[in-house]
Every structure is written in structure tokens, then in C-alpha cells.
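Chains as they are written, first to last, in the numbering used here: chain D, 23 to 216; chain W, 262 to 716.
Backbone N, C-alpha and C fix where the C-beta goes; we use that ideal spot for every residue, glycine too.
Notes follow once the structure below has been shown.
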Amino acid sequence: MNRESILNTIKRNKPLFKELPEIIVENFKKGNDLLESFIKNVEATGGKVVFANNKNDVTLYLKNRFKDFDNIISLSEGIDITTINPDKISSAKELDKLELAILDAQFGVAENGAVWISDKNTYHRSIPFIALHLVLILLDEEIVENMNEAYERLASFNEGYGVFISGPSKTADIEQSLVIGAQGPLSATIILIK
Amino acid sequence: MIDHPQAAKIFNEDVERVNWHDKSLWVVRQKRDKVASEVKGWETLRSLASGIKAHTLSNLDEYLIQFENQAIKNGAKVHWAENAEEHNKIVFEILNEHNAKNVVKSKSMLTEECGLNHYLEKKGIDIVDTDLGERIVQLAKEPPSHIVMPAIHKKREEIDELFHQHLNTELSGGDEVYLTREARKHLRQKFLDADGAITGVNFAVAETGTIVVCTNEGNADMGVHSTKLHIACMGIEKIIPSQKHLGIFLRLLARSATGQPITSYSSHFRSPQKGNKFHIIIVDNGRSKHLGRPDFRSSLHCIRCGACMNTCPVYRRSGGHSYNATIPGPIGSIVSPGFDLNKYSSLPFASSLCGSCADICPVKIDIHDQLYKWRQVLTEKIHKNRFKSFVMFIAGFIFARPSTYRLSGKLANISLRFLPKSIIDNLIKGWTRERMLPEVPQSSFEGWYKKNRKT
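This is the structure we're talking about:
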């Protein structure tokens, strides 16, 4: 069988056992202002940062900024501007017209402006990718410094799917010229709630 | 078979294009330097990454078994393929089982290595590469010329023409925003019509059975979440022990690859969405054999960032296609001879051995040392050249005898001065193609020293 044959060759050919090096997360700490660095990096990745005091503020802001949109899914409690009932969605095809998706993010990473979302935030996994515009809601105290700390936070993560999202989708495949908006959302906005 | 020097010569006929190609890649290298310098403990990250990979290889069979167990628990089906042919067959069987005819694929150098597209097309399956760069080269019927930037060799006007031909776009003079938007529309339809999605794998976590896929365009996720079938193809070397190790590798990968602090999406697939199917194919294709080559096994550390290509003076000036291998550039030149020593015999010589590749490699592969070692193997086995051996023998004879050495020096001095240029050029072919010989001095250094020492 393939499996046995591959494993046997590996067993025969692998080098002598080498110890696994230890990661000392503390050593990577810069101790800089997390919020400031997070905002800088979100903007550097083509994302937008907006501040709000509470979800009421957020609702007002979104209603104003995206007033022309008819196809909206909000999965963030307290932001009730949904027009497409996600319960009725059975496949991604039905989401093709989705103009705006609003999701809660669990935490952000200062060093690269990424935020973490997982199954419990996405409802249907295609929602944050197929939407034309993506809004992610994050509490401003939920920011870790770097990816090592991020995975410390995810130590007990056991859901089926999770993703770090940093800015909107993008590409530079034509002569290295950056274009925001490739196969996923054209824009990504992080709303930081105090 | 075209070897690297011949292919590079063809690429170098268009001087302007060579300079443009060289510069495009150097810009990426400079971006990498800038973001790497902003990370505290960058060198520690590299050492850890190298150490984690070395440890994983020393226990690879156990980690693969652990990964398989976890993946099965998560609801994935795991397959093993010994070679490219088996891999392709398994993919086709899975697609067939699900009656999938329209397949979207995100970037995977492994499926490129296995020739999957070609295989599936022959079986009547529409397989679409969904990364913009890969779609460009797929439409152009070319292989990728770079592992991270597959269409880096293409000029905007060429892409404009290509899209005009295949996607009925207007000629735009190569407007990147227009072309990207048109590609988005075209690919969106492909995603929605797809009944199967194939992805590569950047990292496979043994501890949790998770696979991690990194993209900027969101195309892997668009494909996987639009269909009910996800097939992930991975080489055996993609394993890392635990989830926390992702913290090391994800910090290194995008910074080394494109100078971004992280890719737009780093997706962790553990179990399929309800009602969907998730298959993982673990592929060997010569890797376990390569593991048995102590001098060369560390090339299996590679995380496919492409930094060695961006920095390599030979790659930048000869283009990815001149390597005629799935993986071009310095890393390709040490991996490919392991697959087929004869076919890739010119690649370890496609280097100045400057060592920039090893300096930049995020997992510290000693690329230039391995290039040198492959040269030893190749000279022994393939490039044995009687004329060269004879010349070396003569040289040894001369250098061992001072008077013969002095005499031959004088002869060379006189010949260089009085022989016609055409004969000299012919004797040292290659060296005088783009430069002139310096003027021959009146006397040798020894002669000069003897004369001047006394005064």
C-alpha cells in the first residue's frame, strides 16, 4: 500500500532525532503601542479603520456610508441592518449579490493588522469572502502584539475553520502594480469599539 | 533538451526586458528587507523555523501518522500518493465520485509538479487556476515562471492582449485595475459554477490535523466555500508539529515572499462545513528518497516563499522559464536534480555561488553549499569531460615546475601581444563576448619586481 511504502521509506531515510527548539514568546516583545501599531498596519494593508463608542454608533455610520446598498448581512449582534436572511441561504450562489457583510472579529494582531474570525463569526464560511464590502467589528482592547501571541490565544481553538484577515483582497500579478479588490471583497473596514 | 545557459541566452536577447525583469524582482527583495528589519528577533525566527523543520524531518513518519489521525477525526478523508501519477489518479477519482466537472484551483506548486491540469483536461474536466497570475499563465499556455509571482515575466501589454483574446476584454493599454476587475468577473462566474475546489497546502499541523492556506486574492476561500468538495494536495514536507509553530512560519512567509507583514488571508481548514466533503492527499513523489541524502535533505525545509529567486542575480537576469523546471531559481536548482539528475544537470551551475539565497532564506537552507555539492556529484557522474581533465593535468604539470611555469608565462605574454584578435577570441570564447582583454603588460610581475627591488 502507498501509505506503508511511503512511511517505510521515510523511516529508513530520516536523519537522527533532533530536538524541537523551544519558542520563547517574550523575546519577540517590542512593547510598542498596540493600538497605534495595529491601526498603522491595517491602513498599510489597504484597510480602513473607524472608531465608535458603541454598536448604535456603528449602525448609524454604516447606514450612512452604505445607504445605497440593498443586500446586507450583519452577523454582529446589535447591528440590525440585515436584508438577506442568512438562514435561508443554502449555497454561495445565493450570496453572489451580497454587497455588505458585517461580522464580529475576535482579536487583532498589531504587527500586521490582521484580525481573527472563525466559524462562530461567519455563519456561512463564504460570507466574508463573497461580499463586495466587508466590515469587521473589534473591541479595541482585543489586540495582541504579534502572531506568536495570537497563537497563544488560540491554544484551545477547536472549531472547523478560522482565518486571519488582513485588509481587503488584493493582487499585484500585473507588473507588480497593487490592485485592491481581487477575488474577495473590494474593501475592508475595521470598526474599533472602545 | 534546452539547458539553462542556452535558454538564458535566448531570454537575454531582449536587453530591455532583462533589465525590467531584474528590476521588478529587486524591488520585491528591497521590500522584504524593510519589513524584516521591523521585526524584533528576525534572526531568532529564522533559526527557530530551521530548527523546527529539521526536528520535523527527523520524526516525519510519526508526525504524518499523527496528522492523518487528527484529520480523520476532524472528518477529512486522507489519501496517500507515492508519485505524480497516483496523485492525479486520486484527484480524478474523487472528482468523478462527486460528478464534478468544473473545478477551481488555487495556487499549488505540487499540482504543477504533478502535471495535474493537463491530466484532468484530458479527462474532460474544466480546471481553472483562480490566482490571477496563474490564470494569466494558464491562458497563455505557459508554466509559472516564479512560485509566488507566476506571471512576473509578462508585460502589461501582453496580458491586455491575452485577456482581449480569451475574455473578450477591450484593449486598455494594460490598465491593471481594468484587467483585474475583468478577471474578477470571469473568475466569479467560475467559482459559482464550480462543483469542486482544489487547493495547495502551506502548512499541515500534525497536532490538530489542520491545513493552512495563504492567499492575497481570497481565491482559495472563494473556491472552497463556493463548492461542496474540497481537495487539498500536500507534499509530505508540509508538516509542522503544533499550531503554535504557525506563529513562527506565518511571521516569516509573507515578509520573505512579497514584503507584506502577512498575506490578506491565512485560512485554517480543520473540518468541512456541514454537508461538505474534505479530502487531503499526501504526496511523496521522490521526497522520501530525497530525505535519505544527508547533503541535500534540508532543501525539504523550503516553505516556497520565493525569496531566493528575488535575490538571485542569475534568476533575475535569466528568467524563471530558462530553468525548465517546476521550481525555478536557486531552490529549484537544488531540488530538481534530486528528481532527475540528467534532465536538470545544468541547473546547479546556474549560479554565481554568491550566497545571497542562503542569507535570505527564512528557513536557513544552505542553498549555495548544496549547489556546490550538486556540482561535485554532477562532475563525477555526468559532466566528466576528457578534454577538461587533460587541461587540468597539463596545468598541474606546469604549476609544479617553476621554470616551465616561467617559460609558459612568457609564451602567453608574447602570444597575447602578437596573435590576431580573432584567434585569441576564439581561444577564450565567452570571456570576450561582452568585454575586451586588458592591454598586455610589457613584463610579468616577477620581472617588474626583480628590476625594481634593487632601486
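- Task: Go ahead and pull the three-state DSSP assignment for GLY189(D).
- Result: coil
- Message: Between which two residues does the alpha helix (DSSP H) holding TRP281(W) run?
- Response: 276-298
- Item | Stretch pair the segment 440-458 of chain W + the segment 358-372 of chain W: three plus CB contacts closer than 8 angstroms | yes
- Query: Would a check of beta-carbon distances place LYS52(D) closer than 8 angstroms to chain W?
  - Reply: yes
- Message: Counting only C-beta atoms, is TRP341(W) closer than 8 angstroms to chain D at any point?
- Response: yes
- Measuring only between beta-carbons, confirm whether ARG445(W) sits less than 8 angstroms from chain D. yes
- Mind checking whether GLY130(D) and GLU164(D) have CB atoms under 8 angstroms apart? yes
- Using three-state DSSP, classify TRP635(W) as helix, strand or coil. helix
- Item | CA nearest to the CA of MET495(W), picked from LEU507(W), THR372(W), LEU672(W), PRO663(W) | THR372(W)
- Item | Cβ-based burial, ARG696(W) [other Cβ within 10 Å; buried from 16] | exposed
- Query: So who's on the other strand from ASP126(D), going by DSSP bridges?
  - Reply: ILE159(D)
- Message: Under 8 angstroms, Cβ to Cβ, is there at least one residue of chain W near SER27(D)?
- Response: yes
- Query: Just to confirm, are ILE139(D) and GLY184(D) a CB contact at a threshold of 8 angstroms?
  - Reply: yes
- Interfacial residues, the segment 526-549 of chain W to chain D, with Cβ spacing under 8 angstroms: TYR526, SER527, SER528, HIS529, PHE530, ARG531, SER532, PRO533, GLN534, ILE543, ASP545, SER549
- Query: alpha helix (DSSP H) containing LYS804(W): first to last residue?
  - Reply: Since the first residue of chain W shown is 262 and the last is 716, residue 804(W) is not available in this structure.
- Run down chain W in chain order and give the residues with a C-beta less than 8 angstroms from the C-beta of PRO108(D). By Cβ distance, chain W contributes nothing, its closest Cβ being about 13 angstroms from PRO108(D), past 8 angstroms.
- Message: So GLN504(W) contacts chain D; which residues on that side make the cut at Cβ distance below 8 angstroms?
- Response: TYR173, LEU176, ALA177, PHE179
- Item | Against chain W: residues of the segment 34-51 of chain D by CB proximity under 9 angstroms | ARG34, ASN35, LYS36, PRO37, LEU38, PHE39, LYS40, GLU41, LEU42, PRO43, GLU44, ILE45, ILE46, VAL47, ASN49, PHE50, LYS51
- Thinking C-beta only, is LYS89(D) closer than 8 angstroms to ASN477(W)? no
- For chain W, is any of its Cβ atoms less than 8 angstroms away from the one on ASP195(D)? yes
- Message: Please classify PHE530(W) as buried or exposed, where buried requires at least 16 neighbouring CB atoms within 10 angstroms.
- Response: buried
- Quick one: using the 10 Å Cβ neighbour count with 16 as the cut-off for buried, is GLN534(W) buried or exposed? buried
- Query: For the putative contact between GLN205(D) and ARG445(W), defined by C-beta atoms under 8 angstroms, what is the C-beta separation to the nearest angstrom?
  - Reply: 6 angstroms
- Where GLU346(W) falls, given that 16 or more other Cβ within 10 Å makes a residue buried: exposed
- Item | DSSP state of THR469(W) mapped onto helix, strand, coil | coil
- Message: Between LYS625(W), GLY599(W), ASN546(W), which has its C-alpha nearest CYS569(W)'s C-alpha?
- Response: LYS625(W)
- Task: Flag this pair as yes or no: are the beta carbons of ARG577(W) and ASP390(W) separated by less than 8 angstroms?
- Result: no
- Return helix, strand or coil for TYR605(W), following the three-state DSSP convention. coil
- Measure the C-alpha to C-alpha separation of ILE397(W) and VAL409(W) and round it to an integer number of angstroms. 13 angstroms
- Query: Mapping DSSP to helix, strand and coil, what is PHE600(W)?
  - Reply: helix
- Task: Would you kindly report the start and end of the unbroken alpha helix (DSSP H) that includes LYS682(W)?
- Result: 682-688
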